[in-house]
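Counting in my numbering, the sequence shown runs without a single skipped number right up to 1337 at its last residue. The beta carbon of each residue, even a glycine, is placed where N, CA and C say it ideally should be.
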Amino acid sequence: MTTATPAATVEHGPLRVSTLSTGPLQENAVLVWDAASGEGYLIDPGDEAGKLLGWVMNQGVKVRGILLTHAHFDHIGAVQPLREALNVPVWLHERDLPLYRAGQQSASRWNLPFVQPADPDHFITQDQVFSAGKLRLKARELPGHAPGHVVFVGEGLAVVGDTLFQGGIGRTDLPGGNHPQLMQGIVAELLSLPRSTALYPGHGASSSVAAEQASNPFLM
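Next up, the structure:
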């Protein structure tokens, strides 16, 4: 079991962000909320549901829903116990539903335990906005790593899943991957954001648009 601890809470104006890495693949769950109301969203709860639930409770956040950037098994492994514990709906892009339903099969290839979640409650659409107090997270389609991959863009921040990492990009050699599509999406949906925008990826450390434009070898 991972001994990772939550990253320090980061302030983005009226918004707050905290991340917690769990599981053998060290996937980052991201909690984004409005500081005044204490309401927000849990994004990509990948593993170790008990640890994630304790983290959410310690932050004092009232979670309004679970949002998924995509449906690879390491991003959805704690969905079922957390949707039940928090009594909230789950949102996913419809094009990733086959991956979602294949979670158990995918995890078994890694010889990893996995709790197959029930189907999502709702499908995410392009430019859909998820609100809580002053928080506005807009969903933007960014396929290439997965067919239904989306990123969530808020004021001064973007939760980018497995599209863009600190010094890297998402894999495109997996089923449904498409390298040109991923690169086009990164340019159109992420590099078009203000350079100060913080990027919260599905693995590894956070970064910014400016930092990746300056040093990411895949963007040179």
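Query raised in the report: Which term fits D1161, buried or exposed, when burial requires 16 or more other beta carbons within 10 angstroms of its beta carbon?
Result: buried
Report task. Take the Cβ of N1145 as the centre, count every other Cβ of all protein chains shown within 10 Å, and call the residue buried at 16 or more, exposed below. Result -> A buried status is given to N1145, since no fewer than 16 other beta-carbon atoms sit within 10 Å of its beta-carbon.
Query raised in the report: Contact check, T1280 vs L1307 under 8 Å by CB: the rounded distance?
Result: 7 Å
Query raised in the report: Exposed or buried, E1201, counting other C-beta atoms within 10 Å across all chains shown (16 or more means buried)?
Result: By the neighbour-count rule (16 or more Cβ atoms within 10 Å), E1201 is not buried but exposed.
Report task. Check the C-beta distance from A1256 over to L1310 and give it rounded, since I have them as a contact under 8 Å. Result -> Contact doesn't hold; Cβ gap of about 14 Å is too wide.
**Report entry** Distance, H1192 Cα to G1220 Cα
**Finding:** 10 Å
Report task. Give a yes or no on whether the minimum CB-CB distance between G1167 and chain C is below 7 Å. Result -> Chain labels in this structure do not include chain C; a single protein chain is all it has.
Query raised in the report: Does DSSP classify W1172 as helix, strand or coil?
Result: The three-state reading of DSSP puts W1172 in helix, counting H, G and I together.
Requested in this report: Starting from H1129, follow its DSSP beta bridges and name the residues at the other end.
Outcome: L1132
Query raised in the report: Could you give the uninterrupted runs of the alpha helix (DSSP H) lying entirely in the stretch 1194 to 1247, keeping only those of 4 residues or more?
Result: 1196 to 1203, 1214 to 1218, 1220 to 1226
Query - Alpha carbon of Q1197 to alpha carbon of S1323, nearest angstrom - result: 26 Å
Query raised in the report: According to the neighbour-count rule (16 or more other Cβ atoms, all chains shown, within 10 Å of its Cβ), is L1159 buried or exposed?
Result: Per the 10 Å Cβ criterion, buried.
Report task. For A1315, I'd like the list of residues in its chain whose CB is within less than 8 Å of its CB, leaving aside the five on either flank, ordered along the chain. Result -> V1127, H1129, V1134, G1273, L1274, A1275, S1323, S1324, S1325
Requested in this report: Identify, in the order they occur along the chain, each residue of the same chain with its Cβ nearer than 6 Å to the Cβ of M1118, setting aside the five sequence neighbours on each side.
Outcome: Any reading at M1118 must be qualified, since the residue scores a pLDDT of 31, below 50, and its modelled position is unreliable; the value itself is stated next. Same-chain partners within the cutoff: there are none.
Report task. Give the DSSP-derived three-state secondary structure of Y1311 in the structure shown. Result -> For the record, residue 1311 in the displayed sequence is Pro; it is not Tyr. Residue state, collapsed to three classes: coil.
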